[in-house]
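**Student:** Take this structure first; my questions come after.
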Amino acid sequence: MKQATLLLKIGCELGEGCVWDEKRNRLYFIDITGRQLHCYLPEQNELTSMPVSNLIGTIILYVDGTLLALERHSLYHINFDEKTEVFLQRLPFHEELRFNDGKCDRFGHVWVGTMAINQDEPSSKGAGSLYCLEPHLDNKKGDFKVRQCLTNYTIPNGLAWSSKDEVFYHIDTPKHVINRFSVTKQGLTNEKRTLLSISEQEGLPDGMTIDTDGNLWIAMWGGSKVVCYDPRIGEKIDEIYVPEKYVTCVTFGGSDMHTLYITTAKNGQKEGGNLYYIRLDQKGRAAYRLS
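Counting in our numbering, the sequence shown runs without a single skipped number right up to 302 at its last residue.
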């Protein structure tokens, strides 16, 4: 089995949400419960960080290099270079819900899941949803129309689109499944089907990315690994050992997009929550951005 290499010993309580900025050659990632936004510059081997206002679930790149941050139930605009954070919009979610994983599609819509903050409460089961945040026509930052697209999630997680963007992949973590949906410009169709069911022995599927060949790379919470599946045949074709239990998120980056970055979580342990990487033959795709 391949093995990831430790890149940064940082100790995130819940490291997540890694996004590569291919225009500036930098990696952003977050610590959800630590309320931190991190930026790693590979050429300088330098890490800088800034605190954020709340539980940060997702970051999305704008075309100008600034960020949309989805924190708890609100939207913020962040200029990382200036270390500024500006409140944009409060969304009409229940107070005990927060944003989890999310991404931007090629139409400039933000797809993001919500989940209960306290997962020990019985009411957390099925409390989450998948939302689509659609910018209004004036493209004013943070001015979104909100649509609830899918309900009855406990922990909605990793997202990816196929190479031609006609298929949307989405992880339902507690059910150990990756679902497949057909996509139109108007959104998802009702043609949902279970693409993959992952064994409990592998861990829980968490964050996900896709390479240029259309293969899905999935971080396995509790499994100390990243697994790669070919969705066309439904079979595992590769896996990477990560020397930590709680593997959370993956993204391709580097100047040639052949580096897979991997975040992890301490999750209450004394050690962990570090950043890893591995060089691969497979190549990643740049993230879609908001205009």
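We put the CB at the ideal spot given by N, CA and C, even for glycine.
Give the DSSP-derived three-state secondary structure of Pro185 in the structure shown.
**Tutor:** Correct three-state label for Pro185: helix.
**Student:** Give the straight-line distance between the Cα atoms of Asp222 and Glu211, rounded to the nearest whole angstrom.
**Tutor:** Going by the C-alpha atoms only, they are around 25 Å apart.
**Student:** What residues match up with Thr16 in a beta bridge as DSSP calls it?
**Tutor:** DSSP, once it has assigned bridges, lists Tyr288 as partnering Thr16.
**Student:** Do you know offhand how far Leu286's Cα is from Asn129's?
**Tutor:** So the alpha carbons of these two residues sit roughly 26 Å apart.
**Student:** I'd like to know whether the C-beta atoms of Ile229 and Pro216 end up nearer to each other than 8 Å.
**Tutor:** Cβ distance < 8 Å, so Ile229 and Pro216 count as in contact.
**Student:** Between Cys23 and Tyr39, is the Cβ-Cβ spacing less than 8 Å?
**Tutor:** In this structure, Tyr39 does not lie closer than 8 Å to Cys23 by Cβ.
**Student:** To the nearest angstrom, how far is the alpha carbon of Thr195 from that of Gly26?
**Tutor:** Rounded to the nearest angstrom, the two C-alpha atoms are 32 Å apart.
**Student:** Find out if the Cβ-Cβ distance for the pair Leu301, Leu79 is shorter than 8 Å.
**Tutor:** A contact, by the Cβ cut-off of 8 Å.
**Student:** Work out the CA separation of Leu72 and Lys256 for me, nearest whole Å.
**Tutor:** So the two alpha carbons sit approximately 29 Å from each other.
**Student:** If you drop the 5 nearest sequence neighbours on each side, which residues of the same chain put their C-beta closer than 7 Å to that of Leu161?
**Tutor:** Counting only Cβ-Cβ distances below 7 Å, and skipping sequence neighbours, we find Ser140, Leu141.
**Student:** For Met61, which beta-bridge partners are listed by DSSP?
**Tutor:** Answer by DSSP bridge pairing, in chain order: Leu48.
**Student:** Would you call the region 86-97 and the region 264-277 touching, i.e. three or more CB-CB distances under 8 Å?
**Tutor:** The answer is no - the region 264-277 does not touch the region 86-97, with fewer than three Cβ pairs under 8 Å.
**Student:** When you compare the CB positions of Glu145 and Arg158, do they come within less than 8 Å of one another, or not?
**Tutor:** Cβ distance < 8 Å, so Glu145 and Arg158 count as in contact.
**Student:** Between the C-alpha atoms of Asp131 and Cys115, what's the straight-line distance to the nearest angstrom?
**Tutor:** Rounded to the nearest angstrom, the two C-alpha atoms are 30 Å apart.
**Student:** Hey, would you say Asn36 sits closer than 8 Å to Ser208, going by beta carbons?
**Tutor:** It is not a contact, given that the beta carbons lie outside the stated cut-off.
**Student:** State the DSSP-derived secondary structure class of Ser135, mapped to helix, strand or coil.
**Tutor:** Helix, per DSSP.
**Student:** What do you reckon, are the CB atoms on Met219 and Gly169 nearer than 8 Å?
**Tutor:** Their beta carbons are under 8 Å apart, which means Met219 touches Gly169 by this criterion.
**Student:** Measuring alpha carbon to alpha carbon, tell me which of Ile251, Ser174, Leu18, Ile189 ends up nearest Glu54.
**Tutor:** Among Ile251, Ser174, Leu18, Ile189, the Cα nearest to that of Glu54 is on Leu18.
**Student:** Could you give the C-beta distance for Leu58 and Thr44, rounded to a whole number, given that I count them as a contact under 8 Å?
**Tutor:** Not confirmed; about 19 Å, so no contact.
**Student:** Where does Glu255 fall in DSSP's three states?
**Tutor:** Reduced to three states, the DSSP call for Glu255 is coil.
**Student:** With DSSP as the reference, label Glu213 as helix, strand or coil.
**Tutor:** Three-state result, Glu213: helix.
**Student:** Comparing C-alpha positions only, which one of Trp31, Gly119, Lys13 sits nearest to Val261?
**Tutor:** Looking at the Cα atoms, Trp31 is the closest of the given residues.
**Student:** Take the Cβ of Leu84 as the centre, count every other Cβ of all protein chains shown within 10 Å, and call the residue buried at 16 or more, exposed below.
**Tutor:** Position check: residue 84 holds His in this sequence, whereas Leu was assumed. So His84 counts as buried.
**Student:** If you count every other CB in all the chains shown that lies within 10 Å of the CB of Phe192, and 16 or more means buried, which is it?
**Tutor:** Per the 10 Å Cβ criterion, buried.
**Student:** Please state whether DSSP places Asp112 in a helix, a strand or coil.
**Tutor:** The answer is strand: DSSP assigns Asp112 an E or B state.
**Student:** Which residues share a DSSP beta bridge with Met219?
**Tutor:** Answer is Ile229, bridged to Met219.
**Student:** Measuring alpha carbon to alpha carbon, tell me which residue in Ile89, Ser135, Gln293 is nearest Glu106.
**Tutor:** With distances taken between Cα atoms, Glu106 lies closest to Ser135.
**Student:** Please report the distance separating the alpha-carbon of Arg46 from that of Ile70.
**Tutor:** Their Cα atoms are separated by approximately 12 Å.
**Student:** Quick test of your reading: Val258 and Met231, contact by CB under 8 Å. State the CB separation rounded to the nearest angstrom.
**Tutor:** About 6 Å separates the two Cβ atoms, so the contact holds.
**Student:** Relative to the C-alpha of Leu227, which candidate in Leu271, Val253, Ser235, Lys186 has its C-alpha closest?
**Tutor:** Checked all of Leu271, Val253, Ser235, Lys186; the closest Cα to Leu227 is Leu271.
**Student:** What residue from Asp183, Ser173, Gly233, Val123 has the CA that sits closest to Ala297's CA?
**Tutor:** Minimum Cα distance to Ala297 is reached at Ser173.
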